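J.:
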Amino acid sequence: MKFPQPQSLRQISQLIDAEFVGKPDFEILGINEIHVVEHGDIVFVDHPKYYDKALKSKASVVLINKKVDCPEGKALLISEDPFTDFNKITAHFSPFESSAEAKSNSAKIGKSTIIQPNVFIGNHVKIGDNCIIHSNVSIYDGVEIGNNVQIHAGTVLGADAFYYKNRSTHHDKLLSGGSIKIEDHVEIGALCTIDKGVSGITRIGEGTKIDNQVQVGHDTVIGKKCLIASQTGIAGCVVIEDEVTIWGQVGIASGLTIGKKAIIYAQSGISKNLKPNTTYFGTPADDIKKKYRELAYINRIPDIIQKLKNL
828 MKFPQPQSLR QISQLIDAEF VGKPDFEILG INEIHVVEHG DIVFVDHPKY YDKALKSKAS
888 VVLINKKVDC PEGKALLISE DPFTDFNKIT AHFSPFESSA EAKSNSAKIG KSTIIQPNVF
948 IGNHVKIGDN CIIHSNVSIY DGVEIGNNVQ IHAGTVLGAD AFYYKNRSTH HDKLLSGGSI
1008 KIEDHVEIGA LCTIDKGVSG ITRIGEGTKI DNQVQVGHDT VIGKKCLIAS QTGIAGCVVI
1068 EDEVTIWGQV GIASGLTIGK KAIIYAQSGI SKNLKPNTTY FGTPADDIKK KYRELAYINR
1128 IPDIIQKLKN L
C-alpha cells in the first residue's frame, strides 16, 4: 500500500508514537507485508524468528519490537506492539469510507458495460469496457476490473483478508489496506469470494476462468489462462502461474507456488510448492503416477494380510 504522498520517518514515528533510528527526514513511500515489500516501504516484525528476514528484506524501514543494529541504508521504528502500530498506519492512510448509494459517484465504468440490478459498486472502483456484472455482485472500494470481464450473480470482490493475531483474550484483526485487480477477459462464476490484499494486490490474470463458489485469499496472484473449478479454496499469498488447471474442491495452503501448466485433480490438498507441467492428485498431493501406484499398493493390503493369516 503506497501513501498518497511520501512521508518522513519523523512523521510516521509521531503518528504511532514510536522511537525511531535513522534520519528524521528519511523518506517512506508506503507499507507492505514481508512477501510483497519493496524499497521505500515499512515492514513490521514482532517475533524473533523473523527479525533477520525483515531486516534483510527490501523494506527501507523495519517496524520492530526490539532495539537492534540498524542495517545500512535503512531506518527502524521501535514499537512495543508492531502489529497494532501497523494497523494504525493502515487506518490513517486507508480509512473506511462509507457509501450511501448502490453505485458510488467516484466509480468509473467503461463503455458498453452492463450493470444488472442490485449490484453494489464501492468508492473509487474502476470497471473497463464491454463487461457484464450480474445481479447481487458486491464490489468493494478500490477494486479495478479490466475489459471484457463477466462476473456472475452473488460474487463478492474485496472483502477483508482473513488475518488475525492470537492474543490472550481475543483474536486481533490485521486491517486490510490493499485491493484487487481483475485483468481483461476474465470470467468469475456465481457466489465466488475474492479477498483484497492486506497491503498489496490480489490479482486475477488475463483470460482466467473461475467456476462458481471459489474462494481466493488475500494477496494471491493467479496467472493468465488458468481454469479453476467449483469449490476450490485458495489461501492467502499463493502464486498460481500461467495456464494452471485446478479441478473441484481443491484446497491450497498459504504462501505456496503452483508452477506453470500444472494440473491438479479434484479433492486434492496442496501443502507444498508444485512443479510446472506436472499433474497432481491426492492429499497431500503428489505426482499422479506416484499417487496411483500408492493407491494400488494400499488396495493389495487386505490380500497380503489374508495370505499372512493362511501361513
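Residues 828 to 1138 in the working numbering are what the sequence shown lists, from first letter to last. Here a beta-carbon is modelled for each residue, glycine too, at the ideal position from N, C-alpha and C. The model shown is predicted, which means the values in this text are computed figures rather than measured ones.
Mind checking whether the beta-carbon of Asn950 lies closer than 7 Å to any heavy atom of the ligand FMN?
T.: With respect to small molecules bound, the structure shown includes none, and the ligand FMN cannot be examined in it.
J.: Under a Cβ-count criterion, where at least 16 other Cβ atoms within 10 Å of its own Cβ denotes burial, should Pro1111 be classed as buried or exposed?
T.: Translated into the one-based positions of the sequence shown, residue 1111 becomes position 284. By the neighbour-count rule (16 or more Cβ atoms within 10 Å), Pro1111 is not buried but exposed.
J.: Determine the direct distance from the alpha carbon of Ile942 to that of Lys1118, and round the result to whole angstroms.
T.: Counted from its first residue, the sequence shown places residue 1118 at position 291. Counted from its first residue, the sequence shown places residue 942 at position 115. When rounded, the distance between both Cα atoms is 46 Å.
J.: Are there 16 or more other CB atoms within 10 angstroms of the CB of Phe913, so buried, or fewer, so exposed?
T.: By one-based count along the sequence shown, residue 913 stands at place 86. By the neighbour-count rule (16 or more Cβ atoms within 10 Å), Phe913 is buried.
J.: For Phe923, does the count of other Cβ atoms within 10 angstroms reach 16, so buried, or fall short, so exposed?
T.: What you label residue 923 is simply residue 96 of the sequence shown in a count that begins at 1. Per the 10 Å Cβ criterion, exposed.
J.: Check whether chain C comes within 8 Å of Ile1009, counting only Cβ atoms and requiring the distance to be less than that.
T.: Here chain C cannot be found, since the structure has a single protein chain.
J.: Expressed to the nearest angstrom, what Euclidean distance is found between the alpha-carbon atoms of Gly1109 and Tyr1092?
T.: Position 282 of the sequence shown, counting from 1, holds the residue named residue 1109. Position 265 of the sequence shown, counting from 1, holds the residue named residue 1092. Taking the straight line from one Cα to the other gives about 8 Å.
J.: Which residue marks the beginning of the beta strand (DSSP E) containing Asn993, and which one marks its end?
T.: As a working mapping, residue 993 is identified with position 166 in the sequence shown. Element bounds for Asn993: 991 to 993.
J.: To the nearest angstrom, how far is the alpha carbon of Lys876 from that of Leu882?
T.: Within the sequence shown, the letter at position 49 stands for residue 876. Within the sequence shown, the letter at position 55 stands for residue 882. Near 12 Å, if we compare the C-alpha coordinates of Leu882 and Lys876.
J.: Check each candidate in Tyr990, Ser1006, Ile905 and name the one with the smallest Cα separation from Asp999.
T.: The count along the sequence shown starts at 1 and reaches residue 999 at position 172. Of the listed residues, the one whose Cα sits closest to Asp999 is Tyr990.
J.: Tell whether a beta-carbon distance below 8 Å holds between Asn950 and Ser931.
T.: Sequence index remark: in the sequence shown, residue 950 carries index 123 (1-based). Sequence index remark: in the sequence shown, residue 931 carries index 104 (1-based). Yes, the pair counts as a contact, with Cβ atoms nearer than the cut-off.
J.: Does the distance from the C-beta atom of Ala1056 to that of Asp1069 stay below 8 Å?
T.: Counting from one through the sequence shown, the residue named residue 1056 turns up at place 229. Counting from one through the sequence shown, the residue named residue 1069 turns up at place 242. Not closer than 8 Å, so no.
J.: Just to confirm the assignment, what range does the alpha helix (DSSP H) spanning Ser1081 have?
T.: Working through the sequence shown from its first residue, we reach residue 1081 at position 254. Per DSSP, Ser1081 belongs to no alpha helix (DSSP H) and is neither H nor E.
J.: Could you say which of Cys1053, Ser1081, Ala1062 lies nearest to Trp1188 if we only look at CA atoms?
T.: This structure leaves residue 1188 out entirely; the chain is present only between 828 and 1138.
J.: What residue does the alpha helix (DSSP H) around Ala881 start on, and which one ends it?
T.: If you number the sequence shown from 1, residue 881 lands on position 54. Segment 878 to 882, the alpha helix (DSSP H) holding Ala881.
J.: Would you identify the three-state DSSP class for Lys885, choosing helix, strand or coil?
T.: If you number the sequence shown from 1, residue 885 lands on position 58. In the structure shown, Lys885 sits in coil (DSSP, three-state: anything other than H, G, I, E or B).
J.: Whose C-beta lies closer than 8 Å to the C-beta of Asn974 among residues of the same chain, with five residues either side of it excluded?
T.: Translated into positions along the sequence shown, residue 974 becomes position 147. The residues are Gly937, Gly955, Asp956, Asn957, Cys958, Asp1011, His1012.
J.: Mind pulling the alpha helix (DSSP H) runs of 4 or more residues that sit fully within the region 904 to 966?
T.: 909 to 920, all fully within the region 904 to 966.
J.: Could you tell me if Ser939 is buried or exposed, where buried requires 16 or more neighbouring beta carbons within 10 angstroms of its beta carbon?
T.: Your numbering for residue 939 matches position 112 in the sequence shown. So Ser939 counts as exposed.
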